Amino acid sequence: MAKSEMNKILVTGATGQIGSELTIALREKYGNNNVVAAGHRRKPSEKLLSTGPYETIDVRDRESIEKVVREYGIDTIYHMAAILSATGEEKPLLCWDVNINGLYNILEIAREHNLRVFHPSSIAVFGPETPKENTPQDTILKPRTMYGITKVAGELLGEYYVRKFNVDVRGIRYPGIISSETLPGGGTTDFAVEIFYEAIKNKRYTCFVREDTVLPMTYMPDCIKGTIQLMEADFSKLKHHTDFNLTAMSFSAKELADEIKKHIPDFVCEYKPDFRQKIADSWPKSIDDSAAREEWGWKPDYDLEKMVKDMIEKLQKKHEAGLI
Ligand code: SER
41 MAKSEMNKIL
51 VTGATGQIGS
61 ELTIALREKY
71 GNNNVVAAGH
81 RRKPSEKLLS
91 TGPYETIDVR
101 DRESIEKVVR
111 EYGIDTIYHM
121 AAILSATGEE
131 KPLLCWDVNI
141 NGLYNILEIA
151 REHNLRVFHP
161 SSIAVFGPET
171 PKENTPQDTI
181 LKPRTMYGIT
191 KVAGELLGEY
201 YVRKFNVDVR
211 GIRYPGIISS
221 ETLPGGGTTD
231 FAVEIFYEAI
241 KNKRYTCFVR
251 EDTVLPMTYM
261 PDCIKGTIQL
271 MEADFSKLKH
281 HTDFNLTAMS
291 FSAKELADEI
301 KKHIPDFVCE
311 YKPDFRQKIA
321 DSWPKSIDDS
331 AAREEWGWKP
341 DYDLEKMVKD
351 MIEKLQKKHE
361 AGLI
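Residue numbers (this note's numbering): 41 to 364.
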C-alpha cells in the first residue's frame with residue numbers, strides 16, 4: 041500500500057496510557073477525522089472525544105472491531121489494547137484472552153481487509169535467563185509472567201502473518217513508558233510515573249520496588265515519535281518486523297527519586313517492594329536497540345535529566361490548575 045493511501049486509522053486501547061497520547065499525535069499528523077479512537081472500560085477524556093471519532097470496542101469480540109473497520113474504511117490499526125504485567129499476574133486468563141485472542145482478531149481482520157497493523161511488544165518478553173545488560177535484539181525469550189508470554193506469542197504471531205499472509209505488521213518492545221497525560225494501569229514500571237504525581241501532590245512516595253531496581257525507560261514524546269517513525273519506514277527495508285528493541289535511558293528507582301529531589305528538595309521516597317519486585321527482577325536493566333537505530337532511524341531526544349524536568353513542569357501546571 042502506498043504511503044498516501046494510509047490515512048484511515050483505528051487506535052484500540054485509545055483510553056490507555058500510550059493510546060491516549062498516540063491518538064492525539066496521529067490526529068495532528070493525519071487529520072482529526074482520519075483517526076478513530078476506540079476504548080473499552082476506561083472513560084474517554086474530553087480531549088479524545090472532542091478531537092475526533094470515538095467508538096467502544098471489545099477486542100475479544102471480532103464483530104465489534106470489524107463493524108468499525110467497515111464503517112470508517114480503516115486501513116491501519118494501532119492495536120494498543122492490552123492487559124499489562126501486574127494485572128496479568130492477578131488475572132492470567134483475562135490477560136491471555138485480551139492479549140492473544142484480541143490480537144488474533146486484529147490480525148485476521150487485517151488479513152481479510154488488507155490492513156496494516158502496529159502491535160506493541162515489551163521488555164516483558166525477556167526473562168531471568170536473558171542477558172540483563174545491553175540485552176541483544178535476538179536473544180533468549182523465556183518470560184515468567186503471563187503478560188510476557190502473551191507478548192512473545194504476539195511477536196511470533198505477528199511475524200507469522202508477515203511471512204505467511206504478507207500482512208504488514210510491525211512492533212516495538214516498549215520499555216517502561218513515562219508520561220504526564222494519562223496514568224498507566226496495572227504495569228510493573230508504573231512506579232516511575234506514580235512517583236512524579238506523589239512528589240508533586242504530597243512530597244512523599246512509597247515505591248513498590250527496591251531502590252536499586254534498574255529498568256530501561258523512555259519518555260512519551262520519544263515513544264510516540266518512534267512508533268510513528270516505524271510505521272512510516274519502508275517495510276521492504278526492515279529485517280525485523282514485530283520485535284524491535286527500543287530504549288532511551290536506564291536508571292534505578294533511587295536515581296529517579298534523586299533527580300526529582302533536585303526540583304523538589306523536600307521530596308521523600310520510601311521503598312516497600314511487593315509482588316511486582318519479582319517481575320522487575322526478571323527484566324533487563326538496559327537494552328541494545330541498534331537494530332531500531334539502523335533499520336528505521338530510532339533516536340530518542342530525552343534522557344533522565346531532560347525527562348524529569350519536563351515531567352515536573354507539566355505536572356506542576358496541572359496541579360496548580362487543580363487537575364491533579
Ligand atoms: N510497562 C509495562 C508493564 O510494566 C511493560 O511493558 O507491564
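We treat Cβ as the ideally placed atom computed from N, Cα and C, and that holds for glycine.
What you are looking at is a predicted structure, and each value in this text was computed from that prediction instead of being measured.
Short Cβ contact (8 Å threshold) for residue i with residue j
i: Ala-297; j: Tyr-259; result: no
i: Asn-72; j: Gly-53; result: no
i: Gly-198; j: Thr-282; result: yes
i: His-119; j: Ile-146; result: yes
i: Val-249; j: Gln-356; result: no
i: Asn-74; j: Gln-177; result: no
i: Phe-205; j: Ala-293; result: no
i: Ile-163; j: Arg-213; result: yes
i: Ser-220; j: Met-351; result: yes
i: Ile-64; j: His-80; result: no
i: Val-157; j: Val-207; result: yes
i: Val-138; j: Arg-100; result: yes
Three-state secondary structure assigned by DSSP to residue i
i: Thr-127; result: helix
i: Ser-85; result: coil
i: Val-202; result: helix
i: Glu-169; result: coil
i: Glu-195; result: helix
i: Lys-358; result: helix
i: Ile-97; result: coil
i: Ala-42; result: Confidence at Ala-42 is low in this model, with a pLDDT of 46, below 50, so the placement of that residue is unreliable and no value is reported for it.
i: Asp-283; result: coil
i: Arg-184; result: coil
i: Met-260; result: helix
i: Arg-250; result: coil
i: Ala-78; result: strand
i: Val-207; result: coil
i: Gly-142; result: helix
i: Asn-120; result: Asn is not the amino acid found at residue 120; the sequence shown has Met there. Correct three-state label for Met-120: coil.
i: Glu-310; result: strand
Buried versus exposed call for residue i [16 or more other C-beta atoms within 10 Å across all chains shown]
i: Pro-168; result: exposed
i: Asp-329; result: buried
i: Phe-166; result: buried
i: Glu-103; result: exposed
i: Tyr-66; result: Just to set this straight, residue 66 is Leu in the shown sequence, not Tyr. Counting Cβ neighbours within 10 Å, Leu-66 comes out buried, since at least 16 surround it.
i: Ala-361; result: exposed
i: Thr-253; result: buried
i: Asn-154; result: exposed
i: Pro-160; result: buried
i: Pro-305; result: exposed
i: Thr-175; result: buried
i: Glu-129; result: buried
i: Gly-59; result: buried
i: Gly-194; result: buried
i: Ser-276; result: exposed
i: Gly-56; result: buried
i: Gly-266; result: buried
Straight-line Cα distance separating residue j from residue i
i: Thr-222; j: Glu-234; result: 11 Å
i: Glu-87; j: Cys-263; result: According to the sequence shown, residue 87 is Lys rather than Glu. Between Lys-87 and Cys-263, the C-alpha separation is close to 20 Å.
i: Pro-132; j: Ser-125; result: 9 Å
i: Gly-142; j: Pro-256; result: 27 Å
i: Tyr-368; j: Gly-225; result: Absent from the structure is residue 368, since the part of the chain shown begins at 41 and ends at 364.
i: Ser-354; j: Ile-240; result: According to the sequence displayed, residue 354 carries Lys and not Ser. Using only the alpha carbons, I get a separation of about 11 Å.
i: Tyr-311; j: Lys-349; result: 23 Å
i: Glu-106; j: Tyr-94; result: 15 Å
i: Glu-111; j: Ala-77; result: 13 Å
i: Ala-273; j: Glu-334; result: 12 Å
i: Ala-332; j: Leu-363; result: 37 Å
i: Asp-321; j: Asp-314; result: 12 Å
Assumed close pair residue i, residue j - CB separation to whole angstroms, cut-off 8 Å
i: Lys-48; j: Asp-115; result: 5 Å
i: Ser-290; j: Lys-325; result: 6 Å
i: Leu-50; j: Val-108; result: 6 Å
i: Glu-295; j: Glu-345; result: That pair is no contact at about 11 Å.
Heavy atom of the ligand ADP within 7 Å of residue i beta-carbon
i: Tyr-118; result: The ligand ADP is not part of this structure, which contains only the ligand SER.
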